[in-house]
Amino acid sequence: MLRKIFSIFLMLLVLSGCAVSPLPHSGDVSVSPSPESTDGSTVPESVQSLSEESTGESDPLQKILDSMTLEEKVAQMFWVRCPAQGATQTVSDWQIGGFILFGRDFAESTPQQLRQTIGEYQQAAKIPLLIGTDEEGGEVVRASRYPQFRANAFQSPRKLYEQGGLDSVLRDAAEKSAFLLDLGINVNLAPVCDLSVNPTDYIYSRALGQDAQTTASYVSALVWQMQQSGIGSVLKHFPGYGPNGDTHLGFVRDDRPLETFQAEDFLPFQAGIDAGAPSILVSHNIVSCMDDSLPSSLSPAVHRLLRDDLGFDGVIMTDDLSMDAIDSQYGLEESAVLAVLAGNDLLISSDFTTQIPAVLEAVEEGVIPQSQIDSAVLRVLRWKQQLGLLAEEENN
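Note that my numbering has the sequence shown beginning at 436, numbered continuously upward.
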């Protein structure tokens with residue numbers, strides 16, 4: 436394993452030497468004025484970012500971090516697909532950062548049963564879990580597609596926007612957030628920030644289907660509404676799918692110029708960041724103008740752009756590392772180590788029992804600096820604090 440980690444490290448050194456030059460700043464992103472909510476209150480123009488909160492010695496989050504073992508820190512960086520069997524024991528044994536629920540977790544359950552099950556997960560966790568699902572509306576509805584959870588599945592933002600504009604979208608978002616929170620789910624992996632107006636695009640059915648400025652205004656308003664509801668949001672899929680294929684199925688390359696991203700694709704993400712979005716999910720697309728070799732999720736250059744050019748200091752996460760674009764090109768250990776070295780704070784994983792030990796060994800052997808692990812875990816803890824999950828720990 437040590438030889439494998441060392442070879443990964445050497446490969447990264449070579450790749451970093453060939454990486455693109457620092458990207459020019461795209462300038463200020465123009466976004467339409469913040470909308471008013473359906474109850475008439477004005478959406479704040481800006482929301483304090485997570486990075487502006489204290490991280491000094493008196494910070495309770497720093498105290499939690501200092502009390503954690505290296506194993507516990509690394510495990511906090513894994514957001515795991517909920518296993519079909521033994522999930523509570525998984526939490527007890529591994530103390531992971533959280534679970535993501537998919538259709539199978541709702542299919543044969545009832546609201547009451549799911550609340551109880553999630554409660555058992557949380558009871559087994561030393562640090563409360565992020566419990567997330569993809570309830571975008573329309574094509575992707577993990578929970579509301581099942582009639583025992585909701586009479587009708589949530590509609591797509593595209594359809595809602597076409598029917599009733601932004602007010603309709605915001606009302607739906609408030610209802611959706613309340614629905615998920617009632618089940619014990621504290622993060623909805625939404626909104627989709629990708630731009631697409633072409634029905635042949637993979638992402639078209641999940642995108643708003645409007646221009647960059649309109650989509651930016653939508654993202655800003657939706658992030659605000661989700662914050663008001665008390666549920667976590669995830670901007671996805673940075674740096675933007677555009678007209679490309681499905682990375683669930685294999686390798687995807689995007690050769691559009693950087694200027695296109697700066698003028699269009701980045702606008703919804705920048706609007707979400709400015710509205711206070713706590714997290715961003717990075718896709719597996721290879722975007723040649725940013726990194727000609729590595730998928731965005733594994734690319735230090737893409738993560739530097741997100742941190743430095745777009746000014747984001749919240750949680751950055753990978754898309755699912757089991758997707759074929761990654762799984763077909765990289766080993767389980769290699770993809771996890773590369774994901775951390777790239778700058779991800781959370782790794783979405785189905786193979787955590789292999790990947791957590793790989794990251795641990797990379798830290799112990801000096802391939803991954805422990806300071807990088809600490810920074811990532813602190814961001815995850817800060818998000819959990821923002822969601823109200825760490826109230827008890829703060830008071831201790």
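Even for Gly, the Cβ is constructed at its ideal location relative to N, Cα and C.
Measuring straight from C-alpha to C-alpha, what distance separates residue i and residue j?
i	j	result
residue 749	residue 597	32 Å
residue 555	residue 635	43 Å
residue 817	residue 628	23 Å
residue 741	residue 623	21 Å
residue 787	residue 701	31 Å
residue 603	residue 557	34 Å
residue 811	residue 570	26 Å
residue 565	residue 697	32 Å
residue 743	residue 806	19 Å
residue 553	residue 578	14 Å
residue 728	residue 586	46 Å
residue 511	residue 785	15 Å
residue 550	residue 774	32 Å
residue 582	residue 672	29 Å
residue 781	residue 813	11 Å
residue 642	residue 656	15 Å
residue 504	residue 693	41 Å
residue 690	residue 699	15 Å
residue 776	residue 703	26 Å
residue 737	residue 670	15 Å
residue 759	residue 546	32 Å
residue 754	residue 542	23 Å
residue 885	residue 734	Examination of residue 885 is not possible in this model, given that the chain is present from 436 through 831 alone.
residue 418	residue 495	Residue 418 is absent from the structure shown; the chain starts at 436 and stops at 831.
residue 815	residue 668	13 Å
residue 572	residue 768	34 Å
residue 739	residue 747	10 Å
residue 609	residue 778	32 Å
residue 752	residue 599	32 Å
Please classify residue i as buried or exposed, where buried requires at least 16 other C-beta atoms within 10 Å of its C-beta.
i	result
residue 501	exposed
residue 679	buried
residue 763	exposed
residue 498	exposed
residue 650	buried
residue 528	exposed
residue 645	buried
residue 790	buried
residue 480	Low confidence applies to residue 480: its pLDDT is 36, below 50, so where it sits in the model is not reliable, and the reading given next is rough at best. By the 10 Å Cβ count, residue 480 comes out exposed.
residue 633	exposed
residue 456	In this prediction, residue 456 scores a pLDDT of 42, lower than 50, which makes its location untrustworthy; the coordinate-derived value is nonetheless stated afterwards. So residue 456 counts as exposed.
residue 707	buried
residue 493	exposed
residue 705	buried
residue 710	buried
residue 468	Its pLDDT being 35, under 50, residue 468 is placed unreliably by the model, and the measurement read from it follows with that caveat. That one is exposed.
Go through its chain and collect everything with a Cβ distance to residue i's Cβ below 7 Å, but skip five positions before and after it.
i	result
residue 419	There is simply no residue 419 to check, as the chain begins at 436 and stops at 831 in what is shown.
residue 826	none
residue 584	541, 546 and 578
Tell me which residues share the same chain as residue i and place their Cβ nearer than 6 Å to its Cβ, disregarding the 5 neighbours each side in the sequence.
i	result
residue 640	574
residue 638	629, 631 and 676
residue 517	534, 536 and 540
residue 526	556, 559 and 560
residue 530	507, 510 and 561
residue 761	719 and 770
residue 625	571
residue 721	688 and 730
residue 538	577
residue 724	692 and 693
Which same chain residues end up closer than 8 Å to residue i when comparing Cβ atoms and leaving out the 5 residues on each side of it in sequence?
i	result
residue 757	516, 784, 785 and 786
residue 809	500 and 508
Establish whether the CB of residue i and some CB of chain B are separated by less than 8 Å.
i	result
residue 518	Chain labels in this structure do not include chain B; a single protein chain is all it has.
At least 3 beta-carbon pairs within less than 8 Å: the stretch 791 to 799 vs the stretch 818 to 826: In this structure the stretch 791 to 799 does not touch the stretch 818 to 826; the number of beta carbon pairs closer than 8 Å is below three.
Between the stretch 580 to 600 and the stretch 522 to 530, are three or more C-beta pairs nearer than 8 Å? No, the stretch 580 to 600 is not in contact with the stretch 522 to 530.
Whole beta strand (DSSP E) elements within the stretch 675 to 760, 3-residue minimum: Along the stretch 675 to 760, the beta strand (DSSP E) occurs as fully enclosed runs of 3 or more residues at 714 to 717 and 750 to 753, listed in sequence order.
With a cut-off of 8 Å, do at least 3 Cβ pairs link the stretch 656 to 663 to the stretch 714 to 729? Pairwise C-beta distances place the stretch 656 to 663 out of contact with the stretch 714 to 729, as fewer than three of them are shorter than 8 Å.
Kindly provide the ranges of any alpha helix (DSSP H) runs that are 4 or more residues long and lie completely inside the stretch 622 to 667, ordered along the chain. Complete alpha helix (DSSP H) runs here, min 4: 647 to 664.
Every unbroken beta strand (DSSP E) inside the stretch 556 to 597 [3 residues or more]: Complete beta strand (DSSP E) runs here, min 3: 565 to 568 and 570 to 572.
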